[in-house]
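Below is one structure; the comments refer to it alone.
Number of protein chains: 2
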Amino acid sequence: MRQAGRYLPEYRAIRAGTDFLTLCKTPALAAEVTVQPVDILGVDAAIVFADILLVPEAMGSNLRFVKGDGPVFDPPIRSTTDAASLIRPDVERSLGYVFETIAEVRRVLDGRVPVIGFAGTPWTVAAYVVEGGTSKHYPSLLGWSHSDPAGLAGVLEKIADTSRDYLLGQIDAGAQALQVFDTWGGLLDAERFRAIALPALLRMIDGLRDKVPLIYYGQGTNHLLPILRELPIDVLSVDWRVPLDQVRQAVGPDIALQGNLDPTALLAPPAQIDRAVAKVVEAGRGGAHVVNLGHGILPMTPVEHARAFIDGAKRHGVQASA
Amino acid sequence: MRQAGRYLPEYRAIRAGTDFLTLCKTPALAAEVTVQPVDILGVDAAIVFADILLVPEAMGSNLRFVKGDGPVFDPPIRSTTDAASLIRPDVERSLGYVFETIAEVRRVLDGRVPVIGFAGTPWTVAAYVVEGGTSKHYPSLLGWSHSDPAGLAGVLEKIADTSRDYLLGQIDAGAQALQVFDTWGGLLDAERFRAIALPALLRMIDGLRDKVPLIYYGQGTNHLLPILRELPIDVLSVDWRVPLDQVRQAVGPDIALQGNLDPTALLAPPAQIDRAVAKVVEAGRGGAHVVNLGHGILPMTPVEHARAFIDGAKRHGVQASA
Chain D
1 MRQAGRYLPE YRAIRAGTDF LTLCKTPALA AEVTVQPVDI LGVDAAIVFA
51 DILLVPEAMG SNLRFVKGDG PVFDPPIRST TDAASLIRPD VERSLGYVFE
101 TIAEVRRVLD GRVPVIGFAG TPWTVAAYVV EGGTSKHYPS LLGWSHSDPA
151 GLAGVLEKIA DTSRDYLLGQ IDAGAQALQV FDTWGGLLDA ERFRAIALPA
201 LLRMIDGLRD KVPLIYYGQG TNHLLPILRE LPIDVLSVDW RVPLDQVRQA
251 VGPDIALQGN LDPTALLAPP AQIDRAVAKV VEAGRGGAHV VNLGHGILPM
301 TPVEHARAFI DGAKRHGVQA SA
Chain A
323 MRQAGRYLPE YRAIRAGTDF LTLCKTPALA AEVTVQPVDI LGVDAAIVFA
373 DILLVPEAMG SNLRFVKGDG PVFDPPIRST TDAASLIRPD VERSLGYVFE
423 TIAEVRRVLD GRVPVIGFAG TPWTVAAYVV EGGTSKHYPS LLGWSHSDPA
473 GLAGVLEKIA DTSRDYLLGQ IDAGAQALQV FDTWGGLLDA ERFRAIALPA
523 LLRMIDGLRD KVPLIYYGQG TNHLLPILRE LPIDVLSVDW RVPLDQVRQA
573 VGPDIALQGN LDPTALLAPP AQIDRAVAKV VEAGRGGAHV VNLGHGILPM
623 TPVEHARAFI DGAKRHGVQA SA
């Protein structure tokens, strides 16, 4: 459950006095909100409070968060000339606050549950940097991928190298698993994903799973399953659009699956949530399965509904593995 | 190619002096921009200039278009109480301007190419009305579908009935084919699509294909193909994420396919566009195929690139059917 705290009143109380980027960059506070869902809901892992766009910011892009509009990169990077401004930073110096957060979370949790670090995939990070923010169709990114694929590949490589440094730093700081978020990989068909997004993704995660378990999250990437099952990863996290038993058929028995309850299902009454969780657990029985939502939790989710999900996952999950 | 004119300078010249809704509601102007792509690019059909949200406006929802944000429904419809305000209008009176546009387009085209009418599916129209506008995740719509499916079903039925009246009116006015747009059907997994979106969709299109050819367009609906191939339609329009030969394998030989070049491919140089079109035509050889984009054309598409697509489609298409 990504950025799990955002629907908690305890999180909102902290955010009320602190803007999002400042919160990310203040290890004591970031660690506090990272641990909140563990204490309040009893989730089985903590995911460090951070953002995938901290990487391009550290590379020299000008990032700000605008209320209502989300992240804005101004100016966007839309050519190899623009991209010359992207540096490969010393991640200890520019992203060390995330490492400090991870170390602090490890200290506070004291072994209760593992800590998961994360980063965006190069393609997904580039989507925001090239477009200048969020977008429905990412025309600037996709246009660039058609008009100058070699130029865009150079940008993706740069992002991959810094992201790899960053993920290694997270491991050094104490992250016990890593998740890579590929929110926009599904914009590409399989052939173009393989040609454009995959090389930089492989470059970023090269060797990482020798150190910690590695999770890949894609959204709308069901048409990419034949490629994704070949990734050097341990867990494939999938969205809610296809039942887990069908995903299992497509990827074979050897990879763990994570997911995939529709997050909007948590807006239903708790008894219904419990039935929905039981169904997801049942669909996931064909292999290793990390019960989770199929996408980020919605901010308007009532806390008792999130708890019904966690409780159900534990109860039904234990039954499934018994 | 949906709303084909929007990237044409000739269209922009007319839009400069007229807001979007006024343009939709002024048959002489709407007919003029409907015909522009036929005259300027040589497309094989004209699609009437209108919007899927004219239907809920006619039903009593307060619609406006806000620059940058797109459509806004204020107040949104989020309960059966809210939905009581939705009426079943006399479509001749409230949407007659679209019928006049179609009649005028028929007159101007004088048989050169056929005219396609359209409407949104009840689920997709409800998405905007319930959410109050566009959204990334449509939490209000999806939340309602979980918390009160019967209440939402009532709203979808209402939209289906008016939409069917509207589509029948378009046929009476001269539409020679109809397309239904299901932009957001792909938010649902197959089981929920079948339970929630499908009944109202079937209600809307009941009997229509006995009168004119019927096209269904879905976006991100590849996981729904086993359901979609059973629809009473003539043409299934698909997005660009899965190659047509794979879609053909999934749906069998008896349905025509429409699509599916990635619209961002039109941002590449014309020679590359030609190769991309050839590939789509080749992938579509397994059955009847209407060459088209896999989604709406991007406003920043250069006109000569759109023309390269049309020319390539005609040349390669003729070769394919020769």
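In order, the protein sequence lines correspond to chains D and A.
Its first residue numbered 1, the first sequence is counted upward by one per residue in this note's numbering.
Its first residue numbered 323, the second sequence is counted upward by one per residue in this note's numbering.
For every residue, glycine included, the Cβ atom is placed at its ideal position computed from N, Cα and C.
All figures in this text were calculated on a predicted structure; none of them were measured in a lab.
Test: residue i CB closer than 8 Å to a CB of chain B
i	result
Thr586 (chain A)	You won't find chain B in this structure, because its protein chains are D and A.
Short Cβ contact (8 Å threshold) for residue i with residue j
i	j	result
Ile215 (chain D)	Leu266 (chain D)	no
Gly60 (chain D)	Val33 (chain D)	no
His545 (chain A)	Arg241 (chain D)	yes
Leu645 (chain A)	Ala598 (chain A)	Shown here, chain A extends from 323 to 644; a query on residue 645 (chain A) therefore has no answer.
Ile227 (chain D)	Gln179 (chain D)	no
Ala99 (chain D)	Ala173 (chain D)	According to the sequence as given, residue 99 (chain D) is Phe; it is not Ala. Result yes, Cβ atoms of Phe99 (chain D) and Ala173 (chain D) sit closer than 8 Å.
Val427 (chain A)	Ile374 (chain A)	no
Pro535 (chain A)	Val557 (chain A)	yes
Asp182 (chain D)	Trp123 (chain D)	yes
Gln498 (chain A)	Pro436 (chain A)	yes
Ile310 (chain D)	Val108 (chain D)	no
Gly252 (chain D)	Arg229 (chain D)	yes
Ala30 (chain D)	Thr101 (chain D)	yes
Gly70 (chain D)	Gly132 (chain D)	no
Leu231 (chain D)	Thr121 (chain D)	no
Residue-level contact to chain A via CB, residue i, 8 Å cutoff
i	result
Ala313 (chain D)	no
Pro75 (chain D)	no
Gln219 (chain D)	no
Gln272 (chain D)	yes
Phe309 (chain D)	no
Asp182 (chain D)	no
Residue-level contact to chain D via CB, residue i, 8 Å cutoff
i	result
Ser469 (chain A)	yes
His545 (chain A)	yes
Ala590 (chain A)	yes
Ala644 (chain A)	At Ala644 (chain A), the pLDDT of 46 sits below 50, so the modelled position is not reliable; the number obtained from the coordinates is stated separately. With 8 Å as the cut-off, Ala644 (chain A) does not count as an interface residue toward chain D.
Trp562 (chain A)	yes
Met323 (chain A)	Low confidence applies to Met323 (chain A): its pLDDT is 43, below 50, so where it sits in the model is not reliable enough to give any reading.
Tyr329 (chain A)	no
Length of the line joining the Cα atoms of residue i and residue j
i	j	result
Ile399 (chain A)	Gly508 (chain A)	21 Å
Gln249 (chain D)	Ala283 (chain D)	11 Å
Leu359 (chain A)	Phe371 (chain A)	The displayed chain sequence assigns Pro, not Leu, to residue 359 (chain A). Near 11 Å, if we compare the C-alpha coordinates of Phe371 (chain A) and Pro359 (chain A).
Glu92 (chain D)	Val155 (chain D)	22 Å
Val247 (chain D)	Val291 (chain D)	14 Å
Pro592 (chain A)	Val130 (chain D)	23 Å
Glu15 (chain D)	Ala28 (chain D)	Here the sequence assigns Arg to residue 15 (chain D), which means Glu is not the residue at that position. About 13 Å.
Val394 (chain A)	Lys480 (chain A)	20 Å
Ile649 (chain A)	Glu513 (chain A)	Any question about residue 649 (chain A) goes unanswered here, given that chain A covers just 323 to 644.
Leu464 (chain A)	His638 (chain A)	42 Å
Ala519 (chain A)	Asp161 (chain D)	45 Å
Ile409 (chain A)	Pro378 (chain A)	9 Å
Arg307 (chain D)	Asp39 (chain D)	12 Å
Tyr7 (chain D)	His305 (chain D)	11 Å
Ala475 (chain A)	Pro565 (chain A)	34 Å
Thr80 (chain D)	Gly151 (chain D)	6 Å
Asp245 (chain D)	Asp82 (chain D)	45 Å
Met622 (chain A)	Lys347 (chain A)	25 Å
His468 (chain A)	Gln272 (chain D)	9 Å
Ser457 (chain A)	Lys136 (chain D)	9 Å
Leu208 (chain D)	Lys601 (chain A)	37 Å
Residue i: contacting residues in chain D (beta-carbon distance under 8 Å)
i	result
Met526 (chain A)	In chain order: nothing, as chain D lies at least about 23 Å away.
Asp511 (chain A)	Trp240, Arg241, Val242, Pro243 and Asp262
Interface residues of chain D facing residue i [CB-CB closer than 7 Å]
i	result
Gly465 (chain A)	Thr264 and Leu267
Under 8 Å from the C-beta of residue i: neighbouring residues of chain A
i	result
Met300 (chain D)	Pro461 and Gly465
What residue ranges within the stretch 563-611 of chain A form continuous alpha helix (DSSP H) runs of no fewer than 4 residues, ordered along the chain?
566-573 and 592-605
With a floor of 3 residues, list each beta strand (DSSP E) that falls wholly inside the stretch 201-228 of chain D, ordered by position along the chain.
Within the stretch 201-228 of chain D, the complete beta strand (DSSP E) segments of 3 residues or longer fall at 214-218, listed in chain order.
Just to confirm the assignment: which complete beta strand (DSSP E) runs, minimum length 3, are found wholly within the stretch 431-468 of chain A?
Those beta strand (DSSP E) runs which fall completely within the stretch 431-468 of chain A and span 3+ residues are 437-442.
Which parts of the stretch 340-392 of chain A are runs of the alpha helix (DSSP H), unbroken and 4 residues or longer, counting only runs that do not cross its ends?
342-346, 349-363 and 376-380
Could you give the uninterrupted runs of the alpha helix (DSSP H) lying entirely in the stretch 610-636 of chain A, keeping only those of 4 residues or more?
none
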